[in-house]
Amino acid sequence: MGYQQGLSGLAGASSHLDVIGNNIANANTVGFKQGRANFADMYANSVATSVNTQIGIGTRLASVQQNFGQGTIDSTKSSLDVAINGNGFFQMSSNGVTTYSRDGTFHRDKNGAIVDAHGRNLMGYAAGAGGAIDIAQTVPLQAPTANIAPRATNRITGQFNLNAQDKVPTKTPFNATDNTTYNYNASIQVYDTLGGSQPVTMYFAKSAAGTWQAYAGVRGQTPTHLGTVTFDASGRISATTSAATGRPTPSLGQFAFSIPNTTGGANPQNLALDLGGTTQYGGKDGVTHLAQDGFASGTLTTFSIGADGKLTGNYSNGQSAVLGLIALANFNNPNGLVNIGGNQYAETAASGVPQISAPGSTNHGTLQGSALENSNVNLTNELVNLITAQRNYQANAQTIKTQQAVDQTLLNLR
1 MGYQQGLSGL AGASSHLDVI GNNIANANTV GFKQGRANFA DMYANSVATS
51 VNTQIGIGTR LASVQQNFGQ GTIDSTKSSL DVAINGNGFF QMSSNGVTTY
101 SRDGTFHRDK NGAIVDAHGR NLMGYAAGAG GAIDIAQTVP LQAPTANIAP
151 RATNRITGQF NLNAQDKVPT KTPFNATDNT TYNYNASIQV YDTLGGSQPV
201 TMYFAKSAAG TWQAYAGVRG QTPTHLGTVT FDASGRISAT TSAATGRPTP
251 SLGQFAFSIP NTTGGANPQN LALDLGGTTQ YGGKDGVTHL AQDGFASGTL
301 TTFSIGADGK LTGNYSNGQS AVLGLIALAN FNNPNGLVNI GGNQYAETAA
351 SGVPQISAPG STNHGTLQGS ALENSNVNLT NELVNLITAQ RNYQANAQTI
401 KTQQAVDQTL LNLR
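The sequence shown runs 1 to 414 under full-length UniProt numbering.
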């Protein structure tokens with residue numbers, strides 16, 4: 001026995017303690033992956049003989065391997081926190097340098113870019129008009145703070161039940177200010193090109209059994225006579241006739257009319273009213289469904305991140321818009337990545353080139369918004385490993401002491 005075995009053992013045990021200590025230190029680091037020290041034995045070069053008489057000369061640190069197993073995921077209250085569930089890394093970029101991370105702690109900087117704590121940009125796919133995703137290349141994701149523009153109402157969809165037992169009003173002609181000239185009315189807010197709103201009211205006056213006259217208009221204006229709605233014996237719409245032409249409407253249950261604009265938007269405002277699904281049953285007059293397709297302008301209030309990686313902005317007017325899609329990178333050999341600190345990894349020849357794709361695609365995990373992935377370090381196991389490494393260090397120190405005692409014995413020979 002020589003000193004080399006004991007010294008290499010001390011160096012190996014010290015490296016093992018360093019790896020364990022680093023694991024323990026990062027037990028609360030978001031996205032941290034546990035390291036494991038791998039060792040290899042060492043032998044001096046010798047000429048091969050029929051009988052193996054080689055004596056090892058110690059050990060060396062062969063590698064520090066990352067355990068890329070899934071960490072537990074905890075929910076947070078930050079809408080831009082995001083955890084990866086499964087394979088993959090976030091692609092980050094700073095000053096032209098691309099890195100990869102499992103740390104999903106993001107925020108929006110003063111320019112609206114989504115960045116990590118060190119200012120690195122989160123990369124993904126940009127969203128075009130209507131939320132269409134451009135997957136041609138990844139770009140720094142932005143969360144613009146601009147208001148969402150208003151959209152003028154083009155269509156009102158109304159489904160009503162008109163009571164089959166209602167009587168024909170005895171007072172004529174129809175007058176919106178006199179509720180004895182009609183049987184039922186309902187209102188809905190509509191929006192113009194500038195986001196201004198005003199209520200449109202629809203009126204229904206029974207004119208004969210199974211036949212109703214429909215009107216629509218805004219406050220202060222005489223409502224437009226839309227036409228006649230006829231129901232069959234089952235209470236369903238069987239015909240709609242335009243009051244303007246006296247002929248059947250192009251589509252069953254649908255009328256067209258216009259209203260004056262009082263807020264400075266495009267004037268007049270042309271609207272379509274779809275009464276499809278309206279019934280005449282022996283129940284109360286009432287609304288089954290009433291909606292329109294316009295909205296006012298809105299300010300950005302919150303974000304949400306879907307399992308598919310879509311970053312959605314939610315606005316004060318109840319609307320939402322897809323702002324982009326977070327991309328994930330995966331590698332054939334994640335253990336070939338080099339850890340460069342700051343919760344970042346860099347690509348190497350050993351890792352292979354990154355496979356960039358949307359979350360949920362082949363070999364890519366999904367995302368969980370408002371959540372973070374914890375370190376996958378098991379503290380109980382690490383404390384056991386710590387005791388083992390300490391004993392190993394002490395044992396190797398003892399081999400050196402033993403060698404010293406042997407040497408002293410030799411020196412004492414006379």
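Ideal Cβ placement from N, Cα and C applies to all residues, glycine included.
{"Asked": "Status (buried if at least 16 other CB within 10 Å, exposed otherwise) for Pro223", "Found": "buried"}
{"Asked": "Beta-carbon spacing of Asn396, Ala13 below 7 Å", "Found": "yes"}
{"Asked": "Contacting residues, own chain, Cβ-Cβ under 6 Å from Ser357 (five flanking each side not counted)", "Found": "His364"}
{"Asked": "C-beta atoms of Pro359 and Ala329 nearer than 7 Å", "Found": "no"}
{"Asked": "Proximity to Ala389 [Cα-Cα], best of Thr249, Thr29, Phe39", "Found": "Phe39"}
{"Asked": "Proximity below 7 Å, CB of Leu367 to CB of Ile305", "Found": "yes"}
{"Asked": "Cβ pair Gly56, Ser8 closer than 7 Å", "Found": "no"}
{"Asked": "Per-residue DSSP class, three states only, for Ile356", "Found": "strand"}
{"Asked": "Top-ranked residue by Cα proximity to Phe295, from Pro250, Gly283, Thr193, Leu413", "Found": "Thr193"}
{"Asked": "Proximity to Gly69 [Cα-Cα], best of Lys310, Thr409, Gln34, Asn185", "Found": "Gln34"}
{"Asked": "Gly313 beta carbon less than 7 Å from that of Leu300", "Found": "yes"}
{"Asked": "Check whether Leu325 and Gly124 have beta carbons under 7 Å apart", "Found": "yes"}
{"Asked": "First and last residue of the uninterrupted beta strand (DSSP E) at Thr76", "Found": "Segment: none, Thr76 is in no beta strand (DSSP E) and carries neither H nor E."}
{"Asked": "4 or more residues per run - each alpha helix (DSSP H) lying fully within the stretch 118-202", "Found": "none"}
{"Asked": "Inter-residue Cα distance where the pair is Gln221 and Gly318", "Found": "29 Å"}
{"Asked": "Whole-Å CB distance - Asn293 paired with Thr201, under 8 Å assumed", "Found": "Checking the sequence, you will find Asp at residue 293 rather than Asn. About 18 Å; that fails the 8 Å criterion."}
{"Asked": "Reduced DSSP category for Ser316 - H, G, I as helix; E, B as strand; rest coil", "Found": "coil"}
{"Asked": "From Asn339, His16, Thr180, Phe160, residue whose alpha carbon lies closest to that of Lys167", "Found": "Thr180"}
{"Asked": "Separation of Asp103 from Ser351, as counted between CA atoms", "Found": "19 Å"}
{"Asked": "Inter-residue Cα distance where the pair is Phe204 and Asn267", "Found": "26 Å"}
{"Asked": "Alpha carbon of Ala256 to alpha carbon of Tyr182, nearest angstrom", "Found": "20 Å"}
{"Asked": "Residues that Gly324 bridges to, as DSSP identifies them", "Found": "Ala126, Leu311"}
{"Asked": "The beta strand (DSSP E) enclosing Val338, as first and last residue numbers", "Found": "338-341"}
{"Asked": "From Asn378, Ser187, Ala216, Thr172, residue whose alpha carbon lies closest to that of Ser207", "Found": "Thr172"}
{"Asked": "Pair within 7 Å by beta-carbon distance, Asn161 and Gly283", "Found": "yes"}
{"Asked": "Proximal residues to Leu337 (C-beta, below 6 Å), its chain only, five neighbours per side dropped", "Found": "Tyr345, Ser351"}
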